[in-house]
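Undergrad: Quick note: the sequence shown uses the working numbering, first residue 1233, plus one each step.
Sharing a structure, written as structure tokens. Questions coming.
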Amino acid sequence: MSVAFPSQYYLTKESSVEVSTNETHDVMDDGALRSRILGSTIYESIRCVLPYLSQADYLSFKTFVTSNRGTDITMTLDGASYTGRITSGLSVQKRGGWFRVSFVYYASAA
């Protein structure tokens, strides 16, 4: 089961690192290293930022994240569709009445 990322929030992709979790390495009896490919899916660890949220929007977004913990979230970033999970806590900076929220989204391209 997956849920769509709420469209009312302006989301930016701050950075992305490709993470390959579909490869394993084995040490053979003779000491040689063998690599095995376990799948073809490539994952990314994406730092996402919601730059300007009001307090009401921040609380609403926090509720969305809390209620969907452990659920796949689909979203579009820079024209690409992803499915994954928010894997870090929310990092929040408050400036005046606005909140800047960032988090890590671990996902694969759809």
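C-beta atoms are modelled at their ideal positions from N, C-alpha and C, and glycine is treated no differently.
When you compare the segment 1284-1293 with the segment 1325-1333, are there three or more beta-carbon pairs, one atom per stretch, that lie closer than 8 Å?
TA: Touching, yes.
Undergrad: At 3 residues or longer, what runs of the beta strand (DSSP E) sit wholly inside the segment 1276-1309?
TA: The segment 1276-1309 contains these whole beta strand (DSSP E) runs: 1304-1309.
Undergrad: Would you kindly report the start and end of the unbroken beta strand (DSSP E) that includes Ala-1236?
TA: Unbroken beta strand (DSSP E) run through Ala-1236: 1234-1236.
Undergrad: Pull up the CB-CB distance for Gly-1316 and Tyr-1337, whole angstroms please, since I reckon it's below 8 Å.
TA: At roughly 6 Å, the Cβ-Cβ gap stays under 8 Å, so Gly-1316 and Tyr-1337 are in contact.
Undergrad: State the start and end residues of the unbroken beta strand (DSSP E) segment that holds Leu-1265.
TA: 1265-1269 is the extent of the beta strand (DSSP E) around Leu-1265.
Undergrad: Which of helix, strand or coil does DSSP assign to Asp-1258?
TA: DSSP places Asp-1258 in strand when its eight states are reduced to three.
Undergrad: In terms of alpha-carbon separation, which member of Met-1260, Val-1259, Leu-1291, Asp-1261 lies closest to Leu-1347?
TA: Because the chain is modelled from 1233 through 1342, residue 1347 falls outside the range shown and cannot be assessed.
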